[in-house]
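Asks: In our numbering, the protein residues as written are 1 to 273.
(1) Determine the direct distance from the alpha carbon of residue 121 to that of residue 9, and round the result to whole angstroms.
(2) So residue 207 and residue 235 are in contact, right, with Cβ under 8 Å, and what is the actual spacing, rounded?
(3) Is the beta carbon of residue 119 closer than 8 Å to that of residue 147?
(4) Straight-line CA distance for residue 198 to residue 241?
(5) Check for me: the alpha helix (DSSP H) holding residue 239 runs from which residue to which?
(6) Could you compute how far the alpha carbon of residue 153 sits from the alpha carbon of residue 115?
(7) Less than 7 Å between C-beta atoms, sequence neighbours within five positions excluded: which residues of the same chain meet that for residue 88?
(8) Considering only residues of the stretch 117-197, which uninterrupted alpha helix (DSSP H) runs meet the minimum length of 4 residues and lie entirely inside it, listed in chain order?
(9) Name the residue from 61, 248 and 194 whose alpha carbon lies nearest to the alpha carbon of residue 40.
(10) Nearest-angstrom Cα distance between residue 133 and residue 83?
(11) Tell me the rounded alpha-carbon separation between residue 149 and residue 143.
(12) Curious, which full-length beta strand (DSSP E) runs of at least 3 residues does the stretch 24-55 contain?
(13) What is the DSSP secondary structure of residue 21, counted as helix, strand or coil?
(14) List the residues that DSSP assigns as beta-bridge partners of residue 210.
(15) Does the Cβ-Cβ distance between residue 7 and residue 50 come in under 8 Å?
(16) Rounded to whole angstroms, what is the Cα-Cα separation between residue 135 and residue 58?
(17) Check whether the Cβ atoms of residue 98 and residue 64 lie closer than 8 Å to each other.
(18) If you check the beta carbons only, do residue 209 and residue 167 fall under 8 Å apart?
(19) Using only the alpha-carbon positions, how far apart do residue 160 and residue 174 sit?
(20) Please report how far the alpha carbon of residue 266 lies from the alpha carbon of residue 124, in whole angstroms.
(21) Within the same chain, show all residues whose beta-carbon is closer than 8 Å to that of residue 253, passing over the 5 residues directly before and after it, in chain order.
(22) Does the beta-carbon of residue 141 have 16 or more other beta-carbons within 10 angstroms, so that it is buried, or is it exposed?
(23) With the cut-off set at 8 Å, would you say residue 145 and residue 249 are in Cβ contact?
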């Protein structure tokens, strides 16, 4: 009876300079490197026989181990989404199957959780930024978070909190536009809140609870300057049309119709064409 052919055998295992990494020699020849966790998982020891199938499994596991170490370094000190980790590993030219296996391992160890990430991100943005839920949702989408996880996260930022934050933002915007007529100031505050990602309903509540007060002197100064420009620009029209066009333009800019009429009443037909 023919003697069974012997399998390749591990003849030496040496440590690398990098902590937790080892070199494996088969039949006295260098074969491959492995990590400590892979060595433990497969119970690798000197004298162990390794066929082609087992060798392939060990190498695949070591690829995942290396990708896992890279992912941990990327995660160090920061929460990350699955998409962000996947993109980072792709940048390092790690094969897709290895990336997916790495993500499974990270999920199993609760090191990556997009729902948890979304909740944390929303809480941080609500506390430290001037962004509303529409912008926050867009940011999370860009990070690859799925809609259901985003919805769960945004539950951390209820309407009442949005309104309270929005009032402070509205006050800052109003201060920035204090030289504008009161009506125009409110319009710009509304536009600013929309740009920052607050919904129409929430903006209406914010504006209802925000006290707007224009500086009368600044508003009057602005009106006089604008009136002079518009009145001069309309000088080619007959007096009645000049008044009508000037009133329409200034009212469109947000100035009080009563204040406009006061200035118009001061003009005489002799200042016409």
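A virtual CB, placed ideally from N, CA and C, is assigned to each residue, including glycine. Predicted model, so just to flag it, every value in this text is computed and none were measured.
Replies: Short version:
(1) Counting from 1 along the chain shown, the entry for residue 9 is found at position 9. Counting from 1 along the chain shown, the entry for residue 121 is found at position 121. If you take the alpha carbons of residue 9 and residue 121, they lie about 51 Å apart.
(2) If you number the chain shown from 1, residue 207 lands on position 207. If you number the chain shown from 1, residue 235 lands on position 235. Not quite, the Cβ-Cβ distance comes to about 38 Å (not below 8 Å), so this is no contact.
(3) Along the chain shown, one-based indexing puts residue 147 at 147. Along the chain shown, one-based indexing puts residue 119 at 119. No, these two residues do not count as a Cβ contact at 8 Å.
(4) In the chain shown, counting from the first residue as 1, residue 198 sits at position 198. In the chain shown, counting from the first residue as 1, residue 241 sits at position 241. Approximately 42 Å between the Cα atoms of the pair.
(5) For the purposes of this step, residue 239 is identified with residue 239 of the chain shown, where counting begins at 1. Per DSSP, residue 239 belongs to the alpha helix (DSSP H) from 239-252.
(6) Position 153 of the chain shown holds residue 153. Position 115 of the chain shown holds residue 115. When rounded, the distance between both Cα atoms is 7 Å.
(7) Translated into the one-based positions of the chain shown, residue 88 becomes position 88. Correct list, in chain order: 74.
(8) The stretch 117-197 contains these whole alpha helix (DSSP H) runs: 133-142, 147-154, 159-176 and 182-195.
(9) As a working mapping, residue 40 is identified with position 40 in the chain shown. Closest option to residue 40, Cα to Cα, is 61.
(10) On the chain shown, residue 133 is found 133 positions in, with the first residue counted as 1. On the chain shown, residue 83 is found 83 positions in, with the first residue counted as 1. Cα to Cα, residue 133 sits roughly 21 Å from residue 83.
(11) Numbered from 1 along the chain shown, position 149 holds the residue referred to as residue 149. Numbered from 1 along the chain shown, position 143 holds the residue referred to as residue 143. Cα-Cα distance, rounded: 12 Å.
(12) 29-35
(13) Taking the first residue of the chain shown as 1, we reach residue 21 at position 21. Residue 21: strand per DSSP, three-state reduction.
(14) Working through the chain shown from its first residue, we reach residue 210 at position 210. For residue 210, DSSP assigns no beta-bridge partner whatsoever.
(15) Along the chain shown, one-based indexing puts residue 7 at 7. Along the chain shown, one-based indexing puts residue 50 at 50. In this structure, residue 50 lies closer than 8 Å to residue 7 by Cβ.
(16) Start at 1 with the first residue of the chain shown, and residue 135 comes out as number 135. Start at 1 with the first residue of the chain shown, and residue 58 comes out as number 58. The alpha-carbon atoms of residue 135 and residue 58 are separated by roughly 45 Å.
(17) The residue you call residue 98 lines up with position 98 of the chain shown. The residue you call residue 64 lines up with position 64 of the chain shown. Against a cut-off of 8 Å, the Cβ pair of residue 64 and residue 98 comes out as a contact.
(18) Taking the first residue of the chain shown as position 1, residue 209 is located at position 209. Taking the first residue of the chain shown as position 1, residue 167 is located at position 167. Cβ atoms of residue 209 and residue 167: closer than 8 Å.
(19) Taking the chain shown and counting its residues from 1, one reaches residue 160 at position 160. Taking the chain shown and counting its residues from 1, one reaches residue 174 at position 174. So the alpha carbons of these two residues sit roughly 21 Å apart.
(20) Mapped onto the chain shown, residue 266 falls at position 266. Mapped onto the chain shown, residue 124 falls at position 124. Cα-Cα distance, rounded: 56 Å.
(21) Position 253 of the chain shown, counted from the first residue, corresponds to residue 253. Within the same chain, residue 253 has close Cβ partners 181, 184 and 226.
(22) Here residue 141 corresponds to residue number 141 of the chain shown, with the count starting at 1. So residue 141 counts as exposed.
(23) For the purposes of this step, residue 145 is taken as the residue at position 145 of the chain shown. For the purposes of this step, residue 249 is taken as the residue at position 249 of the chain shown. Residue 249 sits away from residue 145, with the two beta carbons spaced by 8 Å or more.
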